[in-house]
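Trainee: In full-length UniProt numbering, the protein residues as written are 1 to 287. Yeah, the Cβ is synthetic: ideal placement off N, Cα and C, and Gly gets one too. On a predicted model such as this, the values are computed, not experimentally measured, just so you know.
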Ligand SMILES: [Fe+2]
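1. On the three-pair Cβ rule with 8 angstroms, is the region 124-133 touching the region 274-283?
2. Pull up the DSSP beta-bridge partners for residue 165, would you.
3. Within 10 Å of its beta-carbon, does residue 82 have 16 or more other beta-carbons around it, so buried, or fewer, so exposed?
4. Assign residue 186 to one of three DSSP states: helix, strand, or coil.
5. Could you give the DSSP three-state label for residue 172: helix, strand or coil?
6. Among 182, 120, 158, 95, which residue has its Cα nearest to the Cα of residue 137?
7. Mind reading off the beta-carbon distance from residue 77 to residue 246? Whole number of angstroms is fine, and I expect it under 8 angstroms.
8. For the beta strand (DSSP E) containing residue 145, list its first residue and its last residue.
9. Going by C-alpha to C-alpha distance, which of 139, 254, 181, 121 sits closest to residue 167?
10. First and last residue of the alpha helix (DSSP H) that includes residue 77?
11. Can you tell me where the beta strand (DSSP E) holding residue 241 begins and where it ends?
12. With C-beta atoms as the reference, is residue 232 less than 8 angstroms away from residue 99?
13. Go ahead and label residue 172 buried or exposed: buried means 16 or more other beta carbons lie within 10 angstroms of its beta carbon, across all protein chains shown.
14. From 89, 107, 39, 181, pick the residue whose C-alpha is nearest to that of residue 141; which is it?
15. In whole angstroms, what separates the C-alpha of residue 139 from that of residue 229?
16. Let me know the beta strand (DSSP E) ranges lying completely inside the region 86-162, each 3 residues or longer, listed in chain order.
17. Do you know how far the Cα of residue 146 is from the Cα of residue 253?
18. May I ask which residues mark the beginning and end of the beta strand (DSSP E) holding residue 30?
19. Would you say the beta carbon of residue 265 comes nearer than 7 angstroms to a heavy atom of ligand 1?
20. If I'm right that residue 114 touches residue 177 with Cβ under 8 angstroms, what's the distance once you round it to whole angstroms?
21. Please state whether the Cβ-Cβ distance between residue 269 and residue 275 is less than 8 angstroms.
22. Helix, strand or coil, according to DSSP, for residue 286 in the structure here?
23. If you pair each beta-carbon of the region 148-168 with each one of the region 187-196, do three or more pairs fall below 8 angstroms?
24. Give every residue of the same chain whose Cβ lies closer than 8 angstroms to the Cβ of residue 221, excluding the five residues on either side of it in the sequence, and list them in chain order.
25. So, are the CB atoms of residue 188 and residue 106 less than 8 angstroms apart?
26. Where DSSP assigns a beta bridge to residue 234, which residues make up the other side?
27. Give a yes or no on whether the C-beta atoms belonging to residue 219 and residue 235 are separated by under 8 angstroms.
28. So residue 13 and residue 40 are in contact, right, with Cβ under 8 angstroms, and what is the actual spacing, rounded?
29. Tell me the rounded alpha-carbon separation between residue 184 and residue 265.
30. Give every residue of the same chain whose Cβ lies closer than 8 angstroms to the Cβ of residue 15, excluding the five residues on either side of it in the sequence, and list them in chain order.
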């Protein structure tokens with residue numbers, strides 16, 4: 001094997017993987033080494049900086065447990081999670097765009113009837129969500145499954161506030177009707193910060209970045225024979241739409257939530273008057 005030199009470092013180390021039996025593993029490791037060495041050379045990394053980086057990654061690992069995944073958070077704030085999501089779910093404009101799953105789909109959403117409310121504690125601004133699930137040609141997908149979960153009006157998920165929020169608050173699994181339509185009652189979610197009391201929070205603070213995500217409702221929409229979509233519905237008057245800490249916002253996913261002041265419609269929907277509404281159609285590609 002060729003001996004190590006500054007000029008040829010990437011080639012020498014990449015060469016050490018030449019006999020890797022799995023060709024994909026060999027390609028990924030070779031590219032990783034090339035980019036890593038180019039990065040170290042570009043910034044002329046000092047030994048103190050190398051040591052700080054090792055310390056940072058060590059603390060990132062130590063912060064991880066059953067409910068906290070600091071490495072995913074690091075991937076999120078570096079835009080890597082969103083990039084992986086995006087290149088793996090190219091839609092060509094023919095279906096609803098996807099975005100990150102996020103860490104709060106920790107429990108299965110309870111099946112509910114169309115029109116049910118998911119706001120079990122009734123706190124927050126009442127809202128009627130309506131939409132329709134279709135295939136790529138606009139054909140209704142009868143029986144599509146619509147899984148939703150969201151933060152409450154204070155910006156917390158149920159799993160973050162056991163004993164404060166009812167269990168399974170603001171979660172629901174709905175089945176679209178024969179025309180692909182779905183509707184349910186909820187409240188308008190609030191923006192919220194990602195956990196910023198660990199190493200990722202230090203990184204955000206050191207770089208003058210805030211930890212917030214704009215207000216959104218999570219969706220996973222599935223239908224037999226079609227590619228599932230994991231996405232968000234963003235609230236158009238939320239702060240941080242143009243500076244999401246995890247880069248999850250796509251223009252096509254932002255909707256207005258207009259106020260409706262109409263006692264008859266409120267009574268029909270089973271909501272107090274006035275209330276807010278939003279319409280979110282979801283198009284799926286064929287498998
Ligand atoms: Fe979220």
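Mentor: This is what the structure holds:
1. Cβ pair count under 8 angstroms is three or more, so yes.
2. Looking at the DSSP assignment, residue 165 forms a beta bridge with 162.
3. Within a 10 Å sphere around the beta-carbon of residue 82 sit 16 or more other beta-carbons, which makes this residue buried.
4. In this structure, residue 186 counts as strand in the three-state DSSP scheme.
5. Judged by DSSP in its simplified three-state form, residue 172 adopts strand.
6. Nearest Cα to residue 137 within the set 182, 120, 158, 95: 95.
7. Contact between residue 77 and residue 246 holds: CB atoms are separated by about 6 angstroms, below the 8 angstroms threshold.
8. From DSSP, the beta strand (DSSP E) with residue 145 extends over 145-150.
9. Selected option, being the one with the closest Cα: 121.
10. Per DSSP, residue 77 belongs to the alpha helix (DSSP H) from 70-77.
11. Segment: none, residue 241 is in no beta strand (DSSP E) and carries neither H nor E.
12. Judged by their CB atoms, residue 232 and residue 99 are nearer to each other than the 8 angstroms cut-off.
13. Answer is buried; the Cβ neighbour count reaches 16.
14. Looking at the Cα atoms, 181 is the closest of the given residues.
15. The alpha-carbon atoms of residue 139 and residue 229 are separated by roughly 17 angstroms.
16. Under the rule that a run must span 3 or more residues, the beta strand (DSSP E) segments found entirely inside the region 86-162 read 126-134, 145-150.
17. Approximately 16 angstroms between the Cα atoms of the pair.
18. For residue 30, there is no enclosing beta strand (DSSP E); the enclosing alpha helix (DSSP H) has its first and last residue at 23-43.
19. Distances from the CB of residue 265 to the heavy atoms of ligand 1 are all 7 angstroms or more.
20. Their Cβ separation, rounded to whole angstroms, is 6 angstroms, which keeps residue 114 and residue 177 in contact under 8 angstroms.
21. Yes, they are a contact pair.
22. It is a strand residue.
23. Yes, they touch.
24. Listed in chain order, the non-local C-beta contacts of residue 221 below 8 angstroms within the same chain comprise 96, 133, 144, 145, 146, 147, 228, 229, 231, 282, 284, local neighbours out to five positions each way being set aside.
25. Between residue 188 and residue 106, the C-beta spacing is not below 8 angstroms.
26. Residue 234 pairs with 216, 254.
27. For the pair residue 219 and residue 235, the CB atoms are not nearer than the 8 angstroms cut-off.
28. Actually they are not in contact, since the Cβ atoms of residue 13 and residue 40 sit about 11 angstroms apart, beyond 8 angstroms.
29. C-alpha separation (whole angstroms): 14 angstroms.
30. Excluding sequence neighbours, residue 15 sits near 1, 2.
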